[in-house]
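In this note's numbering, the protein residues as written are 30 to 480.
Take a look at the structure below.
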């Protein structure tokens, strides 16, 4: 079954950060012998780009997944983490339900031409920390923070904006104009309210691969454009690698009936799709960061300490002489969801993309008698609302209620100015009962993690 071609959308979203490729400085004659690298389904278990272990760790770090370069993680485990991070960044399970659900775009309606929400905005996701950072950036552009993952998300917004301007083709290149990604958006499908899927073809070109496919594709795209040019976006090689990893991973999600129409110059291209992307939720960050029971990820084991003593030594020393306070914990009332914190992902409609509903049962003890790192998060109001307490993996997800343990609540509140804007702190804890922790309030971790 062929994916149906659709007319370009008519909504216009202003100020895309792209270039007019009709007047680009790229010397196309110089790259006449370039080639689009063919990526086939046989590469389903490998990320089709050249990247070292350090490169992959850097890409994961840009998505909030901290992994020490000294950890002895096999290459295939690292690739699996990257693919899982890609799914988490697209909130794949929340969008489609089951993680391994095959995708057939033809089973979803088309994104409406009269949608009140511009496509560029519909593909954007954020959290309160990013919103706060954006407000500060608008006041002082020099304070702008950027990383690889944020750069890829900006490209996704550009693709959506340009499609609505009747530019389904887009060329992505690096500053040196030696590596290219060709994008052809075929159509946009509506997965659910506020969730578009951009169905596309993509190919990769470099000057080291000797064929003329890239030049032919460029000329065809210009001739088909209503104003005779191709939008061009310039990003770094790390951003290109992460975008290629996302596209390659998504290309494996199609069911066997999907076949996309393509021109002769697009025969080596791969069919894929892009979903809205945003910051990864804390629960997913916890799952992806943990590996082999590492102490700083939640558990202390003698084997892990011996293998990574350089990382463990400051942590172990920081706990010496600490005072441990017993703290009574409880779960949230059934049906009451966790309130926002600064890292809660928010969709284009302003709704949280993740929701936690707790039962009245004691949480499992995943740490035994070992100390583990917890985050204590208070609400953004002045009222004594319950504070959230959870570990990196969210195996522990409880509250510290003022009405249950006012002394511990006040002890935690006094520590809050040391955290981000006074809303959170990280401390070491031990599980001492079904409804009790002991927390070391007077010893601060060597550094605050990102979750």
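Where is the CB? At the ideal position from N, CA and C, for every residue including glycine.
What are the boundary residues of the beta strand (DSSP E) that includes residue i?
i           : result
residue 426 : 426-429
residue 454 : 453-462
residue 406 : 401-406
residue 263 : 260-263
residue 468 : 465-469
Where does residue i sit, in a helix, a strand or coil, going by DSSP?
i           : result
residue 350 : coil
residue 419 : strand
residue 435 : helix
residue 301 : strand
residue 192 : helix
residue 92  : coil
residue 219 : strand
residue 8   : There is no way to answer for residue 8, as the model of the chain reaches only from 30 to 480.
residue 24  : In the structure as shown, the chain begins at 30 and stops at 480. Residue 24 is therefore absent and cannot be evaluated.
residue 409 : coil
residue 475 : coil
residue 480 : coil
What separation, rounded to the nearest whole angstrom, lies between the Cα atoms of residue i and residue j?
i           : j           : result
residue 178 : residue 96  : 16 Å
residue 82  : residue 90  : 12 Å
residue 203 : residue 315 : 33 Å
residue 93  : residue 308 : 8 Å
residue 459 : residue 415 : 20 Å
residue 205 : residue 265 : 9 Å
residue 201 : residue 270 : 12 Å
residue 348 : residue 437 : 19 Å
residue 402 : residue 359 : 18 Å
residue 418 : residue 445 : 13 Å
residue 184 : residue 435 : 48 Å
residue 155 : residue 454 : 22 Å
residue 241 : residue 473 : 59 Å
residue 212 : residue 301 : 10 Å
residue 226 : residue 182 : 14 Å
residue 145 : residue 303 : 20 Å
residue 428 : residue 350 : 27 Å
residue 8   : residue 198 : Since the first residue shown for the chain is 30 and the last is 480, residue 8 is missing from the structure and cannot be characterised.
residue 317 : residue 251 : 42 Å
residue 31  : residue 214 : The predicted model places residue 31 with a pLDDT of 34, which falls under 50 and marks its position as unreliable; any figure quoted below should be read in that light. Answer to the nearest angstrom: the Cα atoms are 15 Å apart.
residue 397 : residue 292 : 60 Å
residue 313 : residue 421 : 9 Å
residue 87  : residue 357 : 39 Å
residue 111 : residue 406 : 28 Å
residue 432 : residue 480 : 27 Å
residue 451 : residue 410 : 11 Å
residue 328 : residue 267 : Interpretation of residue 328 is limited by its pLDDT of 46, a score under 50 that renders its predicted location unreliable; no figure is taken from the coordinates.
residue 230 : residue 287 : 12 Å
Let's see if you can read the secondary structure: which residues bound the alpha helix (DSSP H) around residue i?
i           : result
residue 246 : 242-253
residue 109 : 104-118
residue 150 : 148-151
residue 13  : Nothing about residue 13 can be read from this structure; the chain reaches only from 30 to 480.
residue 124 : 121-125
residue 81  : Residue 81 -> no alpha helix (DSSP H), and no H or E assigned at all.
residue 314 : 311-318
Can you check DSSP and say which residues form a bridge with residue i?
i           : result
residue 209 : 202 and 234
residue 357 : 465
residue 139 : 218
residue 392 : Answer is none; residue 392 lacks a bridge partner.
residue 283 : 132
residue 227 : 217 and 303
Is the Cβ of residue i closer than 9 Å to any Cβ of chain B?
i           : result
residue 254 : The chain labelled as chain B is not found in the depicted structure, where only one protein chain is given.
Original post:
Any contact of the stretch 265-278 with the stretch 241-250, i.e. 3+ C-beta pairs under 8 Å?
Top reply: no
**OP:** Assess, as a yes-or-no matter, whether the stretch 176-195 is touched by the stretch 253-270 under the definition of 3 or more beta carbon pairs within less than 8 Å.
**Re:** yes
Original post:
Three or more beta-carbon pairs under 8 Å between the stretch 283-298 and the stretch 128-145, yes or no?
Top reply: yes
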